[in-house]
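For the sequence shown, counting from 1, position 283 maps to 282 in numbering that gives the first Met the number 0; every step adds exactly one.
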Amino acid sequence: MFKKDPLQIIAFQSYGTNTHFYLRGRALEDETIDLQQKGLFKLLINTYKRFESDEVKHIELNLRLPNDKVVKVKTDAHGYFKSEETFDNLQDLTNDEGWLQIVASYNDVNIKRKITNDNRFPAEILIPSKSVAFGVISDIDDTIIHTGVASFLKWRVLINTFFKGAFKRIPLEGAAEFYHMLHKGRSGGNANPIFYVSHSPWNLYRYLEFFLKTNNFPKGPILLRSMNSIFKRKKASEKPEKQKEIINILKMYPDLNFILIGDSGEHDADIYIEIAELFPKRILAIYLRSVDHKEKMLRVKGIFESYKTTPALLVNSSKEAIDHARESGFIQ
């Protein structure tokens, strides 16, 4: 008889408002993935574990706030949970950077399985203060980390994801510095919120979280998608998950303007311009990092040349984006 793995809860850094509590996460068996492990065989084992995760389905969890208020939520058939509640004055419970600290736990303490971490799992919701100047929504793939999404048959994506540890992935030059400048804003102490979006599945959440932390990017919600949505056939009129998530953020903060950052490799130009048209005057600037793909670059240049509503720049380096952001009064 095989020994069963202990249970854990992975809460995804989420976002909310003074009255809107919004948290997502997943209940899983603990596969003991070490993101710092080296060696090809160990990397393959870790990759297998990330995608072959054993979910804990239809189980009740407790989400405890700093004031000891408990929100109850139940996982679905894939172990995911999503909690949306209305409260008063959540901002009073946040730290200086606007993070609401929560403790997630399994509701049934008599469950016949070992639970790691003494059944206490950290969770955080970002609630931007009223003093922030703007928000930033950034793509991850080929915007701050080289993945090769523009490569032929996506072969570089497979190599970079499956055969490289998160500690070995090199961020694109100057990206972390630029994001810290945006986070601090023109005053140098704004704590402007940064939201990271990606087409990657939630299975890679801890991998990407580790990469961002290791390479000193500002902390922010990391918004991915489920494996089911990747393989699900979409209707022609259906928008990409990333686009839906960005629209959700803009609707969550109707009084906040945003800067959008992406790359010229996939569909960021189309998505960002469509969003700027949907939310006129709320997109302060669009920065797209150039990728090494001539046809895609020419297409994006053509789109930007005919688009005049929002400042939209195709940049070859972080310095170009920093210079424009400084001239525009976004940063010091």
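Beta carbons are placed, not taken as given, at the ideal position from N, Cα and C, and that holds for glycine.
- In this structure, residue 120 places its C-beta atom within 8 Å of the C-beta atom of residue 10.
- Taking C-alpha positions only, residue 221 is separated from residue 108 by approximately 30 Å.
- The bridge partners DSSP lists for residue 24 are 10 and 80.
- Taken in chain order, the unbroken stretches of alpha helix (DSSP H) that lie wholly in the stretch 248-280 and span 4 residues or more are 267-277.
- In this chain, the alpha helix (DSSP H) harbouring residue 322 covers 317-326.
- Going by beta carbons, residue 20 and residue 92 fall outside the 8 Å limit.
- Looking at the DSSP output, residue 98 shares a beta bridge with 125.
- Annotation for residue 328: 185 place their beta carbon closer than 8 Å to its own, counting only its chain and skipping 5 residues before and after.
- Straight across, the Cα-Cα distance linking residue 180 with residue 254 is about 22 Å.
- In the DSSP annotation of this structure, the continuous segment of the beta strand (DSSP E) that includes residue 284 starts and ends at 282-288.
- Selection 218, 174, 58 and 284 evaluated against residue 111 yields 58 as nearest (Cα-Cα).
- Between residue 25 and residue 13, the gap from beta carbon to beta carbon reaches 8 Å or more.
- Note that the C-beta distance between residue 126 and residue 17 is below 8 Å.
- Rounded to the nearest angstrom, the Cβ distance from residue 317 to residue 172 is 6 Å, consistent with a contact under 8 Å.
- Judged by beta-carbon spacing, residue 139 lies beyond the 8 Å limit of residue 6, meaning their Cβ atoms are not closer than that value.
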